[in-house]
Amino acid sequence: MATQFLDPSLLTQRAAIERNEPVTDAFGGARDTWVEVAETSVRVEPLKAEMEERFGQRIGMLTHRVTLRFRAGLERGMAFRLRGRRLVIRSLHDPDETGRWLVCRCEEEA
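So for the sequence shown, the numbering used here puts the first residue at 14; every next one is plus one.
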């Protein structure tokens with residue numbers, strides 16, 4: 014596979030990286046608690062906006078591609094927080110397998 018060129022000047026937005034740490038309650042359930050673990054520069058590109066109906070309600074889903082410099086420890090289920098928006102990572106990969114970049118497919122949390 015050929016080395017992919019990505020211009021670092023495209024990483025223009027600052028984003029917090031968050032990990033979900035569920036907190037159990039007295040009734041055996043849990044609520045999501047997001048904890049910031051790092052901050053990084055990213056490039057966010059909107060991919061798709063869909064509307065679907067669930068349980069009689071229209072639900073909108075926005076997907077994004079987030080590109081950043083490679084960093085160990087990033088995994089599915091973590092999220093990027095940008096100015097009040099949370100983009101939950103659904104998949105991630107190294108586009109040219111050189112250990113320089115990560116490309117994440119994310120869903121924006123409502």
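Yeah, the Cβ is synthetic: ideal placement off N, Cα and C, and Gly gets one too.
query: With a Cβ-Cβ cutoff of 8 Å, do residue 46 and residue 35 count as a contact?; result: yes
query: Below 8 Å, can you find three or more Cβ-Cβ pairs linking the segment 22-35 to the segment 58-70?; result: no
query: Could you check how far apart the C-beta atoms of residue 80 and residue 120 are, in whole angstroms? I think they sit under 8 Å.; result: Not a contact, Cβ separation roughly 16 Å.
query: What number of angstroms, rounded off, separates the C-alpha of residue 114 from the C-alpha of residue 90?; result: 19 Å
query: Leaving out five residues before and five after residue 107 in sequence, what residues of the same chain have Cβ atoms less than 7 Å from its Cβ?; result: 83, 114 and 115
query: Hey, residue 122 and residue 99 are a contact pair by Cβ (cut 8 Å); roughly how many whole angstroms apart?; result: 4 Å
query: Mind listing, in chain order, the continuous beta strand (DSSP E) runs of no fewer than 3 residues lying wholly within the segment 39-82?; result: 47-67 and 70-82
query: What residue does the beta strand (DSSP E) around residue 100 start on, and which one ends it?; result: 98-106
query: Can you tell which of 43, 55 and 105 has its C-alpha closest to the C-alpha of residue 20?; result: 55
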